[in-house]
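With the sequence shown counted from 1, adding 3 to any position gets you the numbering used here.
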Amino acid sequence: MILPSDPPFGFDWSSHNTYSTNVLHRHSEQRTDEALVQRHLADPHRRLMMLFGDRVLVKSGRLDFEGNAASALFQETETQIFLGLDAEGRPWFAGEFKTEPELEPGETLVDLRSLARDAVVGADGFGPVAQARATLFWHQRHRFCGVCGAPTVSIAAGYQRTCTGCGTQHFPRTDPVVIMLIQNGDDRVLLGRTPRFEAGMYTCLAGFMEPGETVEDAVRREVKEESGIDVGPVRYHASQPWPFPANLMLGCYGEAISTDIVVDKAEMDDCRWFTRDEVKAMLATTEVGKLHCPPRLAVARHLIEVWADLK
4 MILPSDPPFG FDWSSHNTYS TNVLHRHSEQ RTDEALVQRH LADPHRRLMM
54 LFGDRVLVKS GRLDFEGNAA SALFQETETQ IFLGLDAEGR PWFAGEFKTE
104 PELEPGETLV DLRSLARDAV VGADGFGPVA QARATLFWHQ RHRFCGVCGA
154 PTVSIAAGYQ RTCTGCGTQH FPRTDPVVIM LIQNGDDRVL LGRTPRFEAG
204 MYTCLAGFME PGETVEDAVR REVKEESGID VGPVRYHASQ PWPFPANLML
254 GCYGEAISTD IVVDKAEMDD CRWFTRDEVK AMLATTEVGK LHCPPRLAVA
304 RHLIEVWADL K
């Protein structure tokens, strides 16, 4: 059996995934230059994104604000993050409302899934807003030091928190998740579903990586735990930032070396083998209740479409 082949060198599958393309240059070397960061904040052309939890403020199809609008919104924030510079050299920042805002006419708070699924804004905004959401979530969860318990303060333009007690430096984290399409021969793949999925939806198996574990071993362990299937060769394919709240999805293909499924009912509703024709039929429908695959914003969809020769 042959796993789906890689494209020519230089082709980046990851860039095809939602939230994966960031049009901003992060300029991480500028974050510790406090004077420069302040000049960026004072720049009349600076851009600002505003979030409240997993929702972003959108007005008239835009999620960035400038000028007086940005200045007023900055007053509503506790932490500002320097996202980077755009192609015109304009600095972009993100902040979070302290409390749920009273919306002005034409404004809405849109969750990040709907932002991408319903094309509420242009695709250029998906990467920056994912960067903002994941980093702001980290700030919410690290207000106190995990070493001594003292309060922490934000520095380095929002990319570090320092303990006011013991001085420990804390940095944003990303939680890696393996997500994998497991093949049996050239015509069958393993898909599963959990109780929280809408009726009829099946997708790739997935799970968090553990400390000291390779991507390949995480794929084998998670598949074995959830479905009872043993996996041999594993190949990485593409990744996707997944800001729900701060994950990195590592998309892989794997080859099954056993076929008898034993479903872990504590985690899964069902796992089963699907043929290529069945998968193509599932990709062709979005009707709830019928067998179907996840939406296009998910890397799972990408993995399935590539295997089905639809990409």
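From the three backbone atoms N, C-alpha and C, an ideal C-beta is built for every residue, glycine too.
Being a predicted model, the structure only gives us computed values, none of them experimental.
**OP:** Report back the beta-carbon spacing between Ala221 and Val181 to the nearest angstrom; my notes put them in contact at under 8 Å.
**Re:** 4 Å
Subject >> Assumed close pair Arg279, Asp190 - CB separation to whole angstroms, cut-off 8 Å >> reply: 5 Å
Subject >> Simplified DSSP state of Ser23, which is helix, strand or coil >> reply: coil
Original post:
Any idea if Ser230 is buried or exposed, counting beta-carbon neighbours within 10 angstroms, 16 or more meaning buried?
Top reply: buried
**OP:** Below 7 Å CB to CB, which residues in the same chain sit around Val300 once its five sequence neighbours on both sides are set aside?
**Re:** It is worth fixing the name first, because residue 300 is Leu in this sequence and not Val. The residues are Thr21, Arg116, Ala119 and Arg120.
**OP:** Using DSSP bridges, identify the partner residues of Ser242.
**Re:** Leu253
Original post:
Going straight from the alpha carbon of Ser18 to that of His305, what length do you get?
Top reply: 11 Å
Subject >> Backbone secondary structure at Gln163 - three-state DSSP >> reply: strand
Original post:
Do the segment 47-54 and the segment 85-99 meet, that is, are 3 or more Cβ pairs less than 8 Å apart?
Top reply: yes
**OP:** Please report the residue range of the beta strand (DSSP E) in which Phe100 lies.
**Re:** Pro94 to Phe100
**OP:** Would you decide whether Leu106 is buried or exposed? Buried here means 16 or more other CB atoms lie within 10 Å of its CB.
**Re:** exposed
Original post:
Who are the Cβ neighbours of Val265 in its own chain at under 8 Å, not counting the five residues just before and after it?
Top reply: Ser230 and Gly231
Subject >> Spatial distance of Ile307 from Pro246 (CA atoms) >> reply: 21 Å
Original post:
Is it buried or exposed for Phe211, if we count other Cβ within 10 angstroms and need 16 for buried?
Top reply: exposed
Original post:
I think Thr197 touches Asp272, with their Cβ atoms under 8 Å apart; what is that distance to the nearest whole Å?
Top reply: 6 Å
**OP:** Flag this pair as touching only if the segment 28-48 and the segment 155-163 have three or more C-beta atom pairs under 8 Å; answer yes or no.
**Re:** yes
Original post:
According to the neighbour-count rule (16 or more other Cβ atoms, all chains shown, within 10 Å of its Cβ), is Ser63 buried or exposed?
Top reply: exposed
Subject >> Cα-Cα separation, Arg65 to Glu258 >> reply: 44 Å
Subject >> Reference Met349; option with closest CA among Pro175, Val226 and Val150 >> reply: Since the first residue shown for the chain is 4 and the last is 314, residue 349 is missing from the structure and cannot be characterised.
**OP:** Would you kindly report the start and end of the unbroken alpha helix (DSSP H) that includes Arg136?
**Re:** Phe129 to Arg144
Original post:
Exposed or buried, Asp127, counting other C-beta atoms within 10 Å across all chains shown (16 or more means buried)?
Top reply: exposed
Subject >> Among His28, Val61, Val234 and Ala90, nearest to Tyr256 - alpha-carbon criterion >> reply: Val234
Original post:
To the nearest angstrom, how far is it from the Cα of Cys296 to the Cα of Asp267?
Top reply: 21 Å
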